[in-house]
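Engineer: Dropping a structure here in structure tokens format, bear with me for questions.
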DNA sequence: ATCCTTATTGTGAGAAATTCAGAATATTGA
DNA sequence: TCAATATTCTGAATTTCTCACAATAAGGAT
């Protein structure tokens with residue numbers, strides 16, 4: 001992989017270095033595929049594996065979709081990307097990890113937005129009784145209607 | 001469908017009648033397939049479509065899996081069953097609807113438990129900011145480790 | 001009780017998303 | 001630069017679920 005300052009936008013170069021450092025510190029080799037997947041995911045949060053593959057192909061035209069899947073699965077395990085599975089649609093990926101933010105998706109158009117945790121203290125982690133399950137984390141998925149779909153919504157239709 | 005008191009356990013007969021009434025009031029015909037699917041789902045909450053099909057086949061040996069899918073999709077729309085999609089596994093169905101209860105699944109064995117809403121007032125429906133999305137409902141999914149897997153867990157492994 | 005209308009189910013194929021095994025390739029430490 | 005082995009590629013396969021159309025059966029009317 002050649003890194004030319006003249007052909008690569010500087011902010012991407014920096015990002016590339018950062019991702020590379022993170023990968024190395026996690027015991028992973030720094031490959032152009034991983035960097036491209038990370039950058040594509042970073043650039044467009046809530047992208048599907050297919051969309052990420054399409055993005056990546058602008059840099060690496062011959063990358064296979066399967067490789068993107070493998071890379072994403074590995075990065076997800078490393079916690080460099082987070083996988084979100086909205087109902088009835090392919091999994092989406094984002095680079096925002098570590099904060100336990102949640103997601104709202106539009107039941108009409110499928111649009112997904114990030115939603116920060118409701119109250120300061122994660123309220124969803126203290127259910128009334130836990131059946132002996134040791135809880136690790138909670139993910140909240142909001143069903144909603146995005147502003148675009150609200151304006152376009154005919155009042156007759158019951159959602 | 002013949003209904004013989006001597007061959008059908010009375011509690012199932014009653015349940016059958018109840019489901020029948022509900023279906024009728026929702027403008028649906030009362031078919032043995034629908035009743036069998038409802039009873040199977042009721043008997044074993046958090047079953048997958050395949051598991052429900054297997055259960056149903058004990059009564060209706062020749063029902064196709066596709067029909068079970070169609071019936072479940074329709075019953076879900078009617079709100080007689082609720083569909084839950086845990087990450088990385090097939091959708092699960094249950095007859096407990098209307099209360100907005102949540103789910104905890106074991107990250108190791110996949111076991112799913114019901115969890116009643118954390119605090120009295122649905123806290124998860126008031127996110128800090130909603131990006132203009134009109135929120136309709138929230139579903140909380142708890143990741144956890146069930147008691148069986150806790151005992152069997154080697155302390156070395158980082159979960 | 002029987003027939004007819006039409007909802008429901010069955011059949012068979014097929015789509016979409018994802019995973020797997022083994023061969024080829026590329027990164028990194030020496 | 002080279003070797004070791006992590007990573008990616010190739011191609012097929014799997015799983016879950018959907019679709020179109022034919023066959024069947026539920027429930028009201030006669």
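Chains as they are written, first to last, in full-length UniProt numbering: chain A, 1 to 159; chain B, 1 to 159. Beta carbons: idealized from backbone N, C-alpha and C, even for Gly. Keep in mind the model is a prediction, meaning the values are calculated, not measured.
Given a threshold of 16 other Cβ atoms within 10 Å of its Cβ, counted over all protein chains shown, does residue 121 of chain A qualify as buried or as exposed?
Structural biologist: Residue numbering aside, residue 121 of chain A sits at position 121 when the first chain is read from its first letter. For residue 121 of chain A, the predicted structure reports a pLDDT of 45, less than 50, and the residue's modelled location is therefore unreliable. A value from the coordinates is still provided. The residue in question, residue 121 of chain A, is exposed, as its Cβ has fewer than 16 Cβ neighbours within 10 Å.
Engineer: Would you give the residue range spanned by the beta strand (DSSP E) that residue 137 of chain B belongs to?
Structural biologist: Residue numbering aside, residue 137 of chain B sits at position 137 when the second chain is read from its first letter. Unbroken beta strand (DSSP E) run through residue 137 of chain B: 134-145.
Engineer: Please report whether the beta-carbon of residue 23 of chain B lies at a distance below 8 Å from any beta-carbon of chain A.
Structural biologist: On the second chain, position 23 is the one that residue 23 of chain B refers to. It does not: the Cβ of residue 23 of chain B has no partner Cβ on chain A nearer than 8 Å.
Engineer: Taking the alpha carbon of residue 77 of chain A as the point to measure from, which residue in A/90, A/108, A/33, A/95 has its own alpha carbon closest?
Structural biologist: The sequence position of residue 77 of chain A within the first chain is 77, counting from 1. Taking only the C-alpha atoms, the option nearest residue 77 of chain A is A/95.
Engineer: So, for residue 81 of chain A: in the same chain, excluding its five sequence neighbours on each side, which residues have a beta-carbon less than 6 Å away from its beta-carbon?
Structural biologist: For the purposes of this step, residue 81 of chain A is identified with residue 81 of the first chain, where counting begins at 1. These residues qualify, in order along the chain: 41, 75, 93, 95.
Engineer: With 7 Å as the C-beta to C-beta threshold (strictly closer), list the residues of the region 75-98 of chain A near chain B in chain order.
Structural biologist: 85, 87
Engineer: Could you list which residues in chain B have their beta carbon closer than 8 Å to that of residue 107 of chain A, in chain order?
Structural biologist: In the first chain, the residue the question calls residue 107 of chain A occupies position 107. The answer, in chain order, is 136.
Engineer: Hey, could you find the ends of the beta strand (DSSP E) residue 94 of chain B is sitting in?
Structural biologist: Taking the first residue of the second chain as position 1, residue 94 of chain B is located at position 94. 92-94 is the extent of the beta strand (DSSP E) around residue 94 of chain B.
Engineer: In the DSSP assignment, what are the bridge partners of residue 104 of chain B?
Structural biologist: By 1-based counting over the second chain, the position of residue 104 of chain B is 104. Beta-bridge pairing links residue 104 of chain B to B/113, B/142.
Engineer: Does the beta-carbon distance from residue 145 of chain A to residue 107 of chain A come in below 8 Å?
Structural biologist: Residue 145 of chain A sits at position 145 when you count from the first residue of the first chain. Residue 107 of chain A sits at position 107 when you count from the first residue of the first chain. Yes, the pair counts as a contact, with Cβ atoms nearer than the cut-off.
Engineer: Is the distance from the Cβ of residue 83 of chain A to the Cβ of residue 60 of chain A below 8 Å?
Structural biologist: On the first chain, position 83 is the one that residue 83 of chain A refers to. On the first chain, position 60 is the one that residue 60 of chain A refers to. Their beta carbons are not under 8 Å apart, which means residue 83 of chain A does not touch residue 60 of chain A by this criterion.
Engineer: Would you say residue 150 of chain B faces chain A, with C-beta separation under 8 Å as the test?
Structural biologist: If you number the second chain from 1, residue 150 of chain B lands on position 150. Yes - at least one Cβ of chain A is within 8 Å of the one on residue 150 of chain B.
Engineer: Helix, strand or coil: which one does DSSP assign to residue 82 of chain A?
Structural biologist: Walking along the first chain from the start, residue 82 of chain A turns up at place 82. Strand at residue 82 of chain A.
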